[in-house]
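**Q** So that we are looking at the same thing, I have put the structure below in structure tokens.
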Amino acid sequence: MVLPARPDELAACGYDGGMDDGNVGNRDARDPRQAGGPADLAGLAGMLGLPQQRGDARDPRGSMGMGGRDKAVHDGPAPSMQVVEYEGQARPAGPNTALEEAKLALDDTGLTLEVGGGRPVRAGYRDLSLIAISQSTALIVLGDGPDAMRWMLEKFGDKLGPIVRELRERRLKQRLTDGLVKVPDDPAELLEFEWRPTTAPLGPGPDGPATPTTGVGQFVIHPWGFVVCPVDERATWIHYRRASIAKVTLPSPGDVVVDGEPGTLTLRGLGQAATRLHDTLEKLRDGAFDDAAGFVEQLLPDAPFGVRQKAGELLVDGRPTRPQEFGDTGWPIVETAVLGEPTFADSYESLCATAGAAAPRWVAMSPVDPGSDTNKIWFLIAMPGNLVALELVTAGAHATYFFRVMPRAEYKGEPPEKLGVAAEQAVRDISEALVDIRFLREPMALPADHLRLPQYLRYRLALAVLPSLAWARTRFVARIVHRDPASWSAAVADLIRWHGTARDEAAEWPGRAAQEAQISAAGGDGGGDGDGDGDGGGASEPEAASDDAATGTSIAAEGAAPGGAAANESKPSGTTG
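All you need for the numbering used here is the position in the sequence shown, starting with 1, plus 166.
As structure tokens, this is what we get:
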């Protein structure tokens with residue numbers, strides 16, 4: 167969530183609700199029931215400082231995110247964000263403050279605000295916790311809590327709308343980039359939406375609000391799916407994974423409905439662009455299944471056609487799949503192909519033996535990037551002691567990761583096969599986090615004191631915007647290194663005994679420090695995962711260093727980046743785990 171804005175706090179800084187993102191009179195411009203389609207959206211875009219429609223900018227062949235790839239092919243890549251300067255007046259929000267001459271500069275990584283003779287204020291776009299506009303005045307809030315800075319921008323004339331537009335756009339793209347999303351160059355589109363979360367037992371998870379909501383939001387399609395960022399700063403983001411799209415329909419002219427695992431999303435007022443958006447989203451979904459089918463051909467080239475067909479439908483973008491779904495014939499074939507490396511076959515057999523024959527287990531597979539010919543495979547096993555074990559079986563990984571299933575206080579000693587929906591939720595959350603963090607397991611496991619170190623900036627930025635990662639960290643218990651079979655087995659047994667009786671969520675397994683020390687000695691704190699899979703965010707990932715520079719490493723060094731997991735309470739996507 168961008169900001170859990172409290173009415174009393176907003177009132178104290180001059181935000182009275184009339185400035186609520188374009189509210190005019192008693193009409194809430196964010197209410198789709200008040201909007202009459204593209205014409206009203208164009209007016210709303212002006213009030214919100216978002217891009218005006220150029221013809222039909224929602225046309226997927228045009229300038230918006232859903233058609234950016236086509237546009238880039240024909241017109242060349244969009245230029246990087248340039249430095250833009252504006253002059254007007256500003257004052258601290260609140261009573262008895264005076265306007266002074268002000269200069270606002272926007273560059274690739276953040277903003278600089280100079281007011282009167284005071285020192286310039288430098289901030290990243292991710293620091294903007296609130297942006298609101300009404301008539302000739304805008305309110306921006308930098309940070310949150312007692313140290314937040316609140317500024318009223320006035321006297322900027324006809325530049326105020328473009329300022330708000332640029333701030334919203336750059337904040338959205340910086341936060342998406344922090345979340346390891348490859349952001350399209352084109353501006354986000356403004357769309358009306360209605361969200362209804364799934365009523366299935368697993369719930370929507372970290373990908374969307376847990377309650378129905380409607381509004382207007384910025385809409386961006388990216389290679390892994392799409393995101394809706396509500397204009398209402400207090401609303402939560404909706405993330406929709408491409409493989410979660412079950413069906414895309416056109417129920418009425420101008421509307422597109424997306425049905426899938428997290429829930430149902432209706433996009434309204436699209437006009438003639440609705441058909442093209444429908445086709446774009448279907449193509450996005452089909453790409454996930456095309457990738458899965460290609461990997462299955464590599465993994466199971468001589469398997470019966472029916473087994474390959476079913477595996478291609480199930481092993482999509484990290485979706486955890488149980489043996490029963492492959493059938494009695496298919497599962498042995500898949501199991502053997504996945505466990506080709508002896509280290510993983512031995513640990514898998516040991517974990518299964520410890521868990522018992524009735525314990526549920528899952529296998530998952532995903533491309534490292536959409537369209538890539540390289541994949542990652544992992545398995546998960548429900549264990550005694552309220553645990554799920556994760557083993558990544560590609561890229562030479564040499565540690566087993568353990569997560570709790572249900573809150574410790576709720577665990578009553580149930581065996582693995584009786585954990586039910588709680589175990590299904592746990593493996594879904596873990597797998598989604600693994601995909602979202604691009605298979606770098608270390609961000610899920612690093613102790614908080616290590617996470618604060620400078621080399622883990624990239625992880626901290628991702629943690630601030632990826633609720634799936636935050637959920638996984640709340641579940642994480644320990645990782646056990648495959649130093650040798652005897653020590654690994656002894657540590658697993660000790661962890662299971664301890665966690666089965668643990669009731670305090672803050673308690674830490676006594677053996678964790680020794681395991682982390684082994685990982686650190688193997689180079690984990692220097693940038694590698696320490697278990698051989700290159701999970702680290704330092705020297706082993708030159709591209710990561712480049713990405714950090716692009717998202718504002720220098721700003722974070724000045725204090726804009728959060729210091730650790732505990733500091734990140736406000737996330738663009740909703741609830742905490």
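Note that beta-carbon positions come from the ideal geometry of N, C-alpha and C, so glycine has one too.
1. In three-state terms, what does DSSP make of residue 469?
2. Opposite residue 610 in the DSSP bridges: which residues?
3. Under DSSP, the alpha helix (DSSP H) around residue 254 begins and ends at which residues?
4. Measuring CA to CA, which of 435, 439, 447, 438 is closest to residue 425?
5. Who are the Cβ neighbours of residue 304 in its own chain at under 6 Å, not counting the five residues just before and after it?
6. Could you check the C-alpha separation between residue 358 and residue 639 for me, to the nearest Å?
7. Return the Cβ separation of residue 409 and residue 485 in integer angstroms, given the expectation that the two are a contact with Cβ distance under 8 Å.
8. For the beta strand (DSSP E) containing residue 584, list its first residue and its last residue.
9. In the DSSP assignment, what are the bridge partners of residue 425?
10. Grab me the residues of residue 586's own chain with a C-beta within less than 8 Å of its C-beta, minus the 5 sequence neighbours each way, in chain order.
11. Quick one: residues in its chain with C-beta nearer than 6 Å to the C-beta of residue 414, no 5 flanking neighbours on either side, listed in chain order?
12. Check residue 463 in the structure and name its three-state DSSP category.
13. Is DSSP giving residue 543 helix, strand or coil here?
14. Can you list, in chain order, the residues of its chain with a C-beta nearer than 7 Å to that of residue 441? Leave out the 5 residues immediately preceding and following it.
15. Any chance the segment 653–667 sits against the segment 580–595, with 3 or more Cβ pairs inside 8 Å?
16. State the Cα-Cα distance for the pair residue 364 and residue 262, rounded to the nearest angstrom.
17. Who does residue 380 pair with in a DSSP beta bridge?
18. Between the Cα of residue 543 and those of 549, 552, 557, spot the shortest distance and give me the residue it belongs to.
19. Taking DSSP as the reference, what is the three-state secondary structure of residue 538?
20. Are the Cβ atoms of residue 291 and residue 265 separated by less than 8 Å?
21. So who's on the other strand from residue 395, going by DSSP bridges?
22. For residue 577, which residues from the same chain have a beta carbon less than 6 Å from its beta carbon, with the 5 sequence-adjacent residues on both sides left out?
23. Report the partner residues of residue 299 according to the DSSP bridge assignment.
24. Please report the straight-line C-alpha distance between residue 287 and residue 280, rounded to a whole angstrom.
25. So is residue 249 buried or exposed if we call it buried at 16+ other beta carbons inside 10 Å?
26. Report yes if the C-beta distance between residue 483 and residue 604 is below 8 Å; otherwise report no.
27. Going by the CB atoms, is the gap between residue 555 and residue 568 shorter than 8 Å?
28. Considering residue 493, what are the terminal residues of the alpha helix (DSSP H) in which it resides?
29. Check whether the segment 346–361 touches the segment 377–392, taking contact to mean three or more Cβ pairs, one atom from each stretch, closer than 8 Å.
30. For residue 260, count neighbouring Cβ atoms within 10 angstroms of its own Cβ and tell me buried if that reaches 16, exposed if not.
31. Could you compute how far the alpha carbon of residue 566 sits from the alpha carbon of residue 510?
32. Count the C-beta pairs between the segment 617–628 and the segment 644–658 that are closer than 8 Å, then say yes if the count reaches three, no if not.
33. What number of angstroms, rounded off, separates the C-alpha of residue 531 from the C-alpha of residue 632?
34. Please identify the residue among 438, 412, 498 whose C-alpha is closest to the C-alpha of residue 419.
35. If the criterion is Cβ atoms closer than 8 Å, does the pair residue 254 and residue 268 meet it?
36. Buried or exposed, going by whether 16 or more other CB atoms sit within 10 Å of the CB of residue 392?
**A** Let me spell this out:
1. coil
2. Answer is none; residue 610 lacks a bridge partner.
3. Element bounds for residue 254: not the alpha helix (DSSP H) but the beta strand (DSSP E), 250–258.
4. 447
5. Around residue 304: 319, 326, 330.
6. Between residue 358 and residue 639, the C-alpha separation is close to 33 Å.
7. Yes, residue 409 and residue 485 are in contact; Cβ-Cβ is about 6 Å, under 8 Å.
8. First-last for residue 584: undefined, no H or E at that position.
9. 413, 430
10. Once the five neighbours on either side are set aside, residue 586 has no close Cβ partner at all.
11. 424, 444, 447, 448
12. In the structure shown, residue 463 sits in a helix (DSSP, three-state: H, G or I).
13. The answer is strand: DSSP assigns residue 543 an E or B state.
14. Apart from sequence neighbours up to five positions away, the residues of its chain that approach residue 441 with a beta-carbon distance below 7 Å are 416, ordered along the chain.
15. no
16. 48 Å
17. The partner list for residue 380 (beta bridge, DSSP) reads 360.
18. 557
19. coil
20. no
21. 384
22. 552
23. 304
24. 6 Å
25. exposed
26. In this structure, residue 483 keeps its C-beta atom at 8 Å or more from the C-beta atom of residue 604.
27. The answer is yes: Cβ separation under 8 Å.
28. Note, residue 493: alpha helix (DSSP H), 489–504.
29. yes
30. exposed
31. 10 Å
32. no
33. 20 Å
34. 438
35. yes
36. buried
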